[in-house]
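S.K.:
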Amino acid sequence: MEFEELSKKIKQTFDTVATGYDHSALQFFPASAAHLCHYLAPQAGEKIVDVAAGTGNVTLAIAAAQPKAHITGIDFSDNMLEVARAKAAQAQLSNVEFANHALPHIDLPLNYFDAASCGFGIFFLEDMVAGMQAIRSTLKPEGRLVISSFYQGSFSPQTELFGQRLARYGVEPPQQMWQRISTEAPVEQLFRASGFTNISTHVEDVSYQVEGVEQWWALLWNAGYRGLLNQLSEKQLAHFKKEHLAEIAQHISNGKLLITVKTLYGVGTKD
1019 MEFEELSKKI
1029 KQTFDTVATG
1039 YDHSALQFFP
1049 ASAAHLCHYL
1059 APQAGEKIVD
1069 VAAGTGNVTL
1079 AIAAAQPKAH
1089 ITGIDFSDNM
1099 LEVARAKAAQ
1109 AQLSNVEFAN
1119 HALPHIDLPL
1129 NYFDAASCGF
1139 GIFFLEDMVA
1149 GMQAIRSTLK
1159 PEGRLVISSF
1169 YQGSFSPQTE
1179 LFGQRLARYG
1189 VEPPQQMWQR
1199 ISTEAPVEQL
1209 FRASGFTNIS
1219 THVEDVSYQV
1229 EGVEQWWALL
1239 WNAGYRGLLN
1249 QLSEKQLAHF
1259 KKEHLAEIAQ
1269 HISNGKLLIT
1279 VKTLYGVGTK
1289 D
């Protein structure tokens, strides 16, 4: 599949899952956002851009942590942004705004922001360096960027079982894009290639347990995996769900299923 076509499918998927993206089965998102906010260390008076904001987990975490900063959250999914705006209103956060922009073609002021964040977003780009450089161009000198990706081994063994089962239905899952930056070395190299200095990496364990296999299905259904599931017919989907959850059930212990998630953070500074 050509990357341009894949990008369109990714956008369609996120438009589809927007209303379920904050399901409790995906609790690694807010947990990871809290750690990203820690590494960003927002300061009073700063202007911050959160790229690939989605439903606003990182944007709102930063806004709540530093009420005297102003945060602009951008994403390419209008449906995601609609959810993010509703969450900001519910939390009564007045120091945030959201806008539709798609990396690497973001129409934002140059040398304007004090800091930037990009949670679980940069790996969706074919040219990650171009995306990082686009973000860098919006930063003031000494501006900082924090990105996050999943660390190697996350969601194992469930995702391997998912992919193997899906292949039997004629759907070949593409390589998970986050695996391109799932260890420290490629993240450090990405920052260097994009012109950042003072680079560091950090790993946080945000693993958790859920009750029963239906919560694993909720994770699949409300995240990027939905695009793969949508390639099955209604009848195939019913059979697939039954078979896949039966194999997932074998990993249940005392009624709980462990979802292993480690988040990898990269931090860098613009010269």
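Convert by adding 1018 to the 1-based position in the sequence shown; the result is the number in the working numbering. For glycine and all other residues, C-beta sits at the position ideal for the given N, C-alpha and C.
#1: Give the straight-line distance between the Cα atoms of Cys-1055 and Asp-1289, rounded to the nearest whole angstrom.
#2: For Ala-1051 and Ser-1042, I'd like the C-alpha separation in whole angstroms.
#3: Alpha carbon to alpha carbon, how far is Asn-1272 from Glu-1252? Give it in angstroms, no decimals.
#4: May I ask you to report which of helix, strand or coil DSSP gives Ile-1270?
#5: Bridge partners for Glu-1115 per DSSP, in chain order?
#6: Could you give the distance in angstroms between the alpha-carbon of Gln-1197 and the alpha-carbon of Gly-1171?
#7: In whole angstroms, give me the CA-to-CA distance for Gly-1181 and Glu-1100.
#8: Have a look at Gly-1242, Val-1231, Thr-1219 and flag the residue whose alpha-carbon is nearest the alpha-carbon of Thr-1281.
#9: Tell me which residues share the same chain as His-1262 and place their Cβ nearer than 6 Å to its Cβ, disregarding the 5 neighbours each side in the sequence.
#10: Hey, how far is the Cα of Phe-971 from the Cα of Asn-1248?
#11: From Asn-1216 to Gly-1284, what distance separates their C-alpha atoms?
#12: Could you work out which residue in Gly-1074, Ala-1062, Leu-1128, Leu-1126 is closest to Gln-1108 when comparing CA atoms only?
M.R.: The relevant details are as follows:
#1: Along the sequence shown, one-based indexing puts residue 1055 at 37. Along the sequence shown, one-based indexing puts residue 1289 at 271. Our two residues, Cys-1055 and Asp-1289, have alpha carbons roughly 22 Å apart in a direct line.
#2: Taking the first residue of the sequence shown as 1, we reach residue 1051 at position 33. Taking the first residue of the sequence shown as 1, we reach residue 1042 at position 24. The straight-line gap from Cα to Cα measures roughly 15 Å.
#3: Numbered from its first residue, the sequence shown carries residue 1252 at position 234. Numbered from its first residue, the sequence shown carries residue 1272 at position 254. Looking at the two C-alpha atoms, the distance is approximately 32 Å.
#4: Indexing the sequence shown from 1 puts residue 1270 at position 252. Ile-1270: coil per DSSP, three-state reduction.
#5: Position 97 of the sequence shown holds residue 1115. Answer is Thr-1090.
#6: As a working mapping, residue 1197 is identified with position 179 in the sequence shown. As a working mapping, residue 1171 is identified with position 153 in the sequence shown. So the alpha carbons of these two residues sit roughly 9 Å apart.
#7: By 1-based counting over the sequence shown, the position of residue 1181 is 163. By 1-based counting over the sequence shown, the position of residue 1100 is 82. Each residue's alpha carbon lies about 31 Å from the other.
#8: For the purposes of this step, residue 1281 is identified with residue 263 of the sequence shown, where counting begins at 1. Comparing Cα positions, the closest option is Thr-1219.
#9: Against the sequence shown, residue 1262 aligns to sequence position 244. Within its own chain, the residues whose Cβ lies closer than 6 Å to the Cβ of His-1262, once the five positions on either side in sequence are excluded, are Arg-1183, listed in chain order.
#10: Since the first residue of the chain shown is 1019 and the last is 1289, residue 971 is not available in this structure.
#11: Here residue 1216 corresponds to residue number 198 of the sequence shown, with the count starting at 1. Here residue 1284 corresponds to residue number 266 of the sequence shown, with the count starting at 1. Straight-line Cα distance between these residues: approximately 10 Å.
#12: Taking the sequence shown and counting its residues from 1, the one referred to as residue 1108 is at position 90. It is Gly-1074.
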